[in-house]
Amino acid sequence: MHVTCISSHRDSETAVRPEAELFIGLARAGVSMTVMTQADSVYAGRMAQAGIRIIDFAPQKKLSLAAVRFIRRHLKHERCDILHLFNNRAIANGLLAATGLPVRVVTYRGQTGNVNRLNPLARLTHLSPRIDRIVCVAEAVRRDLVANGVPPDRAVTIYKGHDLAWYEAPPADLAEFGIAEGACVIGLVANARPRKGIPVLLEAARQLPAEAPCEILLVGSGMERYAGLTADLPAQVRVHMPGFRRDADRLIAACQVAVLPALRREGLPKSVIEAMVHGIVPVVSDTGGNVELVENEVSGLVVPSGDAAALAAALARLIADPALRARLGAAARTRIATQFSLAQTVARTLAVYRELAG
4 MHVTCISSHR
14 DSETAVRPEA
24 ELFIGLARAG
34 VSMTVMTQAD
44 SVYAGRMAQA
54 GIRIIDFAPQ
64 KKLSLAAVRF
74 IRRHLKHERC
84 DILHLFNNRA
94 IANGLLAATG
104 LPVRVVTYRG
114 QTGNVNRLNP
124 LARLTHLSPR
134 IDRIVCVAEA
144 VRRDLVANGV
154 PPDRAVTIYK
164 GHDLAWYEAP
174 PADLAEFGIA
184 EGACVIGLVA
194 NARPRKGIPV
204 LLEAARQLPA
214 EAPCEILLVG
224 SGMERYAGLT
234 ADLPAQVRVH
244 MPGFRRDADR
254 LIAACQVAVL
264 PALRREGLPK
274 SVIEAMVHGI
284 VPVVSDTGGN
294 VELVENEVSG
304 LVVPSGDAAA
314 LAAALARLIA
324 DPALRARLGA
334 AARTRIATQF
344 SLAQTVARTL
354 AVYRELAG
């Protein structure tokens, strides 16, 4: 079976690792793999060592005749069985390139929202009848697509798998932020988009009782826009905004609690998975794939989206109870190892390929 995947790996190693390791796992399972991505990406060398052919190409525009021609020449010359497209630029150009060819087309969808059957442009991506399967990162994503016009038998849920061995680096030293050893640190890793719910977290911090001292670490680009919301926090709460960090996974590993109070459009948040791998107890809102990732009161706490009072109550519980943090954190780590493993992702993706290739 010959599979060509098109993606962009212009990101940090930790960001591209689950996808690149999926490609390596498929190659080791006997699939002839070609990956179109940047040749200087952080994982290109390791993919090549695994026998994957790397083509230095990634579409730069949503629609490009040059990209369509390039992909189409490859598909015709290589006689690919499967074309797997991992972002909107790859999807729009790849679908046109596959027109009239016998290749089966698979796409990837990583979040809810932004697909509307009333939008004619959606037929250029996930609502295109040329697509044979859409791999959804969470069941919430699959349901959202079906509700917006995707035939139910065309969408399948495959969780993005991880491996505990990827996260052996020691936790970061939080002393650089003036955080004392033994403090209860609540960490959030995200780009500061409105849907991530950072104001909800800061309002929850405002409602924490006096006997719940904590340090809040907001990691990610753009957090400084919320600095004004920290002015009147209780004296026992301190907020740190280090900005974008390439060692974000090590920073969250040094925290006692990981929080993501997203308001909408969550798929399967990588930052929460990384916290769970390290045994850090997660607190998430009940939106998107969060509730599939975290079992409430078993492997973390789940609160209603946008409810600052409920979030404050959950954080206060964890600040006051180290034993509860340890129990939920250990269960979180076990959940990733058993329910969200790379081996499962490789096996389920391979099953989709085999079904389509006959």
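Residue numbers (my numbering): 4 to 361.
Backbone N, C-alpha and C fix where the C-beta goes; we use that ideal spot for every residue, glycine too.
Note that the coordinates shown come from a computational prediction; the quantities given were computed from them, not determined experimentally.
What's the C-alpha gap between residue 128 and residue 241? Counting from 1 along the sequence shown, the entry for residue 128 is found at position 125. Counting from 1 along the sequence shown, the entry for residue 241 is found at position 238. Rounded to the nearest angstrom, the two C-alpha atoms are 44 Å apart.
Roughly how many angstroms separate the alpha carbons of residue 158 and residue 136, rounded to a whole number? In the sequence shown, the residue the question calls residue 158 occupies position 155. In the sequence shown, the residue the question calls residue 136 occupies position 133. So the two alpha carbons sit approximately 6 Å from each other.
Among residues of its own chain, excluding the 5 on either side of residue 55, which ones have a beta-carbon nearer than 8 Å to its beta-carbon? Looking up residue 55 in the sequence shown gives position 52. Correct list, in chain order: 26, 27, 30, 36, 37, 38.
Inter-residue spacing [alpha-carbon to alpha-carbon] between residue 228 and residue 275: Working through the sequence shown from its first residue, we reach residue 228 at position 225. Working through the sequence shown from its first residue, we reach residue 275 at position 272. Cα-Cα distance, rounded: 22 Å.
Please determine if the stretch 302 to 313 and the stretch 278 to 287 are in contact, where contact requires at least 3 C-beta pairs separated by less than 8 Å. yes
Reduced DSSP secondary structure (H/G/I, E/B, other) of residue 81: On the sequence shown, position 78 is the one that residue 81 refers to. Three-state result, residue 81: helix.
Measuring straight from C-alpha to C-alpha, what distance separates residue 138 and residue 211? Position 135 of the sequence shown, counting from 1, holds the residue named residue 138. Position 208 of the sequence shown, counting from 1, holds the residue named residue 211. Roughly 41 Å between the two C-alpha positions.
Can you tell me the Cβ-Cβ gap for residue 152 and residue 107, rounded? I've got them flagged as a contact below 8 Å. Sequence index remark: in the sequence shown, residue 152 carries index 149 (1-based). Sequence index remark: in the sequence shown, residue 107 carries index 104 (1-based). At roughly 21 Å, the Cβ-Cβ gap does not stay under 8 Å, so residue 152 and residue 107 are not in contact.
Can residue 134 and residue 356 be called in contact, C-beta distance under 8 Å? As a first step, residue 134 must be located in the sequence shown, where it is residue number 131. As a first step, residue 356 must be located in the sequence shown, where it is residue number 353. Cβ atoms of residue 134 and residue 356: not closer than 8 Å.
If you measure between the beta carbons of residue 147 and residue 185, is that distance less than 8 Å? Indexing the sequence shown from 1 puts residue 147 at position 144. Indexing the sequence shown from 1 puts residue 185 at position 182. No, Cβ-Cβ distance for residue 147 and residue 185 is not below 8 Å.
Counting Cβ pairs closer than 8 Å, one from the stretch 237 to 254 and one from the stretch 288 to 302, do we hit at least three? no
Closest to residue 300 by C-alpha separation, out of 312, 281, 320, would be which residue? Taking the sequence shown and counting its residues from 1, the one referred to as residue 300 is at position 297. It is 320.
Indicate whether the contact test is met: 3 or more Cβ pairs, each with one atom in the stretch 192 to 211 and one in the stretch 331 to 345, closer than 8 Å. no
Span of the beta strand (DSSP E) holding residue 158? Within the sequence shown, residue 158 is the residue found at index 155, counting from 1. Here the beta strand (DSSP E) through residue 158 covers 158 to 160.
Decide if residue 247 is buried, meaning its Cβ has at least 16 other Cβ atoms within 10 Å, or exposed. Locating residue 247 in the sequence shown gives position 244, where the first residue counts as 1. By the 10 Å Cβ count, residue 247 comes out exposed.
Quick one: which unbroken beta strand (DSSP E) runs of 3-plus residues sit fully inside the stretch 57 to 135? Chain order, please. 85 to 88, 107 to 112
Quick one: grab the DSSP three-state call for residue 267. The residue you call residue 267 lines up with position 264 of the sequence shown. Note: residue 267 maps to coil in three-state DSSP.
For a minimum of 3 consecutive residues, which ranges assigned as the beta strand (DSSP E) are wholly contained in the stretch 201 to 283? 217 to 222, 240 to 246, 260 to 263
Closer than 7 Å to a non-hydrogen atom of the ligand NAD - does that hold for the CB of residue 261? By its list of ligands, the structure shown contains no ligand whatsoever, and the ligand NAD lies outside what it can speak to.
Three-state secondary structure assigned by DSSP to residue 352: In the sequence shown, counting from the first residue as 1, residue 352 sits at position 349. Residue 352 falls in the helix class under three-state DSSP.
With a Cβ-Cβ cutoff of 8 Å, do residue 400 and residue 82 count as a contact? What the structure shows of the chain is the stretch from 4 to 361, and residue 400 is not part of that stretch, so it cannot be assessed.
Quick one: Cα of residue 337 to Cα of residue 296, how far? For the purposes of this step, residue 337 is taken as residue 334 along the sequence shown, with counting starting at 1. For the purposes of this step, residue 296 is taken as residue 293 along the sequence shown, with counting starting at 1. Looking at the two C-alpha atoms, the distance is approximately 12 Å.
For residue 305, write down the residues that DSSP places opposite it in a beta bridge. Here residue 305 refers to the residue found at position 302 when the sequence shown is read from its first residue. Note: residue 305 sits in a beta bridge opposite 287.
Do residue 251 and residue 294 have their C-beta atoms closer together than 8 Å? The sequence position of residue 251 within the sequence shown is 248, counting from 1. The sequence position of residue 294 within the sequence shown is 291, counting from 1. No; because the gap between Cβ atoms is not below 8 Å, this pair is not in contact.
According to DSSP, is residue 36 helix, strand or coil? To locate residue 36, count along the sequence shown from 1; it is residue 33. The answer is strand: DSSP assigns residue 36 an E or B state.
Under three-state DSSP, which class holds residue 1? Nothing can be reported for residue 1: it is not among the residues displayed for the chain, which extend from 4 to 361.
Quick one: residues in its chain with C-beta nearer than 6 Å to the C-beta of residue 53, no 5 flanking neighbours on either side, listed in chain order? Mapped onto the sequence shown, residue 53 falls at position 50. Counting only Cβ-Cβ distances below 6 Å, and skipping sequence neighbours, we find 27, 30.
Since residue 28 is in the alpha helix (DSSP H), which residue starts that stretch and which ends it? As a first step, residue 28 must be located in the sequence shown, where it is residue number 25. Taken as a continuous stretch (DSSP letters only), the alpha helix (DSSP H) holding residue 28 covers 16 to 31.
Where does residue 294 fall in DSSP's three states? As a first step, residue 294 must be located in the sequence shown, where it is residue number 291. In the structure shown, residue 294 sits in a helix (DSSP, three-state: H, G or I).
In the DSSP assignment, what residue or residues form a beta bridge with residue 191? Translated into positions along the sequence shown, residue 191 becomes position 188. Partner(s): 221.
Could you tell me which residues DSSP puts in a beta bridge with residue 5? Taking the sequence shown and counting its residues from 1, one reaches residue 5 at position 2. In the DSSP output, where bridge partners are listed per residue, residue 5 has 35.
Within 10 angstroms of its Cβ, does residue 302 collect 16 or more other Cβ (buried), or is it exposed? As a working mapping, residue 302 is identified with position 299 in the sequence shown. When all chains shown are included, residue 302 counts as buried.
Excluding the 5 residues preceding and the 5 following residue 58 in the sequence, name in chain order all residues of the same chain whose CB lies nearer than 6 Å to its CB. Residue mapping note: residue 58 aligns to position 55 of the sequence shown, counting from 1. Closer than 6 Å at Cβ, skipping near neighbours: 39.
According to the Cβ coordinates, are residue 189 and residue 262 closer than 8 Å? In the sequence shown, the residue the question calls residue 189 occupies position 186. In the sequence shown, the residue the question calls residue 262 occupies position 259. Against a cut-off of 8 Å, the Cβ pair of residue 262 and residue 189 comes out as a contact.
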